[in-house]
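So the structure is just underneath, and the comments pick up after that.
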Amino acid sequence: ALWPPEAAGAEGRVVGEEQLQALLTPALRRGPRTVLLFLQEKLSVEDFTAYGGVYGNKPDSAFPNLEGALGGAASALVLPAVAGGAAGSLPHTLARALGAAPLRVDG
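In structure tokens:
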């Protein structure tokens with residue numbers, strides 16, 4: 001696994017910038033590097049699950065490309081809460097590490 005089991009056990013705590021960097025570094029050094037980031041106030045993991053296919057009907061999915069990317073991912077990490085400063089600096093960090101500007105989607 002890319003992350004140790006305790007890395008995913010972040011329930012009930014807020015992940016700060018230093019810990020976030022430590023969690024992302026192994027994933028950004030390994031390939032392939034597809035990063036899907038949900039900011040809680042905009043779009044949550046629950047939204048993705050709810051609208052991912054109505055009653056299991058995948059052709060009606062609102063996110064077919066994202067589902068394909070996640071389906072092909074070697075690993076996934078879900079963090080329930082990230083500190084505001086860490087979340088704010090994340091797009092710049094990802095752009096620098098991945099060599100591409102992030103695609104921001106506002107709802």
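Straight run, no breaks: the sequence shown in the UniProt record's numbering ends on number 107. Where a beta carbon is used, it is the ideal one built from N, C-alpha and C, also for glycine. No experiment lies behind these values; they were computed from the predicted model shown.
**Study point:** N-terminal and C-terminal residue of the alpha helix (DSSP H) that proline 64 is part of
**Key:** 64 to 71
Review point. Going by beta carbon distance, what residues of the same chain come within less than 8 Å of valine 15, once the five residues before and after it are set aside?
Key: Leu23, Leu79, Ala81, Val82, Ala83 and Ala86
Point to revise | Bounding residues of the alpha helix (DSSP H) (the contiguous stretch that carries arginine 96) | key: 84 to 98
Check your understanding: Taking Cβ positions, are leucine 28 and leucine 98 nearer each other than 9 Å?
Key -> yes
**Study point:** First and last residue of the uninterrupted alpha helix (DSSP H) at alanine 76
**Key:** Neither: alanine 76 is in no alpha helix (DSSP H) and is coded neither H nor E.
Point to revise | Close beta carbons around proline 91, own chain, < 6 Å, minus the five adjacent residues each side | key: Pro102
**Study point:** Proximal residues to leucine 94 (C-beta, below 7 Å), its chain only, five neighbours per side dropped
**Key:** Excluding its 5 nearest sequence neighbours in each direction, leucine 94 has C-beta neighbours in its own chain below 7 Å: Val35 and Pro102, listed in chain order.
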